[in-house]
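Asks:
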Amino acid sequence: MNNIIKSQMFIMKQQIISLTAIFIVAVLTIIFGLRLGQDPAKMFSQSGTMALFVILFMPVSVISYCYFERIQVYEIMAGFRPHQIILGRAITFMPCLLIFLAAAAVTTILSDCDPQVMTRLMLYSILCLRAMFCVVFLSPFLQQGSFFPLFSAMLLMIDETDREALLHSAHSPLSFLFVGQCMMLGDEITEEFMVKVIVSAVVSCAIYYLIGYFTLKKKIGLEPAKL
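Each residue of the sequence shown is one higher than the one before, starting from 19 at the first, in the numbering used here.
#1: Leaving out the 5 sequence neighbours to the left and right, which residues in its chain are closer than 8 Å to residue 164 when beta-carbon positions are compared?
#2: Would the beta-carbon of residue 66 fall within 9 Å of that of residue 149?
#3: One question on the structure: do residue 109 and residue 23 come within less than 9 Å of each other, judged by their Cβ atoms?
#4: Closest by CA to residue 48, which one among 70, 33, 117?
#5: Assuming the contact rule is C-beta atoms closer than 8 Å, residue 106 and residue 30 should be a hit. Round their C-beta distance to whole Å, please.
#6: Compute the distance between the beta-carbons of residue 52 and residue 125, then report whether it is under 9 Å.
#7: Going by CA-CA distance only, name the one from 193, 63, 209 that's closest to residue 218.
#8: Measuring only the C-alpha atoms, how far is residue 207 from residue 98?
#9: Would you check if the distance between the CB atom of residue 212 and the CB atom of residue 63 is smaller than 9 Å?
#10: Alpha carbon to alpha carbon, how far is residue 56 from residue 226?
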């Protein structure tokens, strides 16, 4: 797994300028979003959703590059196991995401005096982790199309009235997506909503992992033995 992490870090160093730009834009999205709005909770949900969409371009750009350059094939041929490839990539992107979440937390606490701000930040962190795992775990299946999970952000284009009706419907599929739940952070945080966020994150990440694991396992089964 260490070699997987080193290879991903090497690729990130090659893309350091673009990845740094992505990180800065994501942080600035939250900062300006909170400063420009009069309702910190609503603006946090909106700017946080947009910032999450931006920060996801970091793993997407690196992973897509790996598949365009056929690095994944070399990882399989070298005998790395599916869990090493998947978890190694996840661990590589974790520090960047944690730094982003720390910056978002500081900015939000300074701008929002709502008693629920810490709960909102905790749930936002869970949603960011879920989104990152979604991109990484599904990458063996999506390959060059690892950006497909970002299309869920198209929910932002739905008319505001229709969007609110869809999100707050008990059976709406949008309320189970990480983007939908992120937009709901601007409302009052209830215990039911907290349970929904946590449970759906655990279940979805488990499903993502299994899809990625068995996709890689099937490919490894078709490759020659370890070199």
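No residue lacks a Cβ here, since even glycine has one placed at the ideal position from N, Cα and C.
Replies: Answer, in terms of the structure:
#1: Counting only residues of its own chain and dropping the five nearest sequence neighbours on each side, residue 164 has a CB closer than 8 Å to the CB of 77, 78, 81, 82, 85, 153, 156, 157.
#2: With contacts defined by Cβ atoms closer than 9 Å, residue 66 and residue 149 do not form a contacting pair.
#3: Against a cut-off of 9 Å, the Cβ pair of residue 23 and residue 109 comes out as a contact.
#4: The shortest Cα separation from residue 48 among 70, 33, 117 belongs to 70.
#5: The Cβ separation is near 13 Å, so there is no contact.
#6: Yes, these two residues count as a Cβ contact at 9 Å.
#7: Selected option, being the one with the closest Cα: 193.
#8: Rounded to whole angstroms, residue 207 to residue 98 spans 43 Å at the Cα level.
#9: In this structure, residue 212 sits away from residue 63, with a CB-CB distance that is not shorter than 9 Å.
#10: So the alpha carbons of these two residues sit roughly 37 Å apart.
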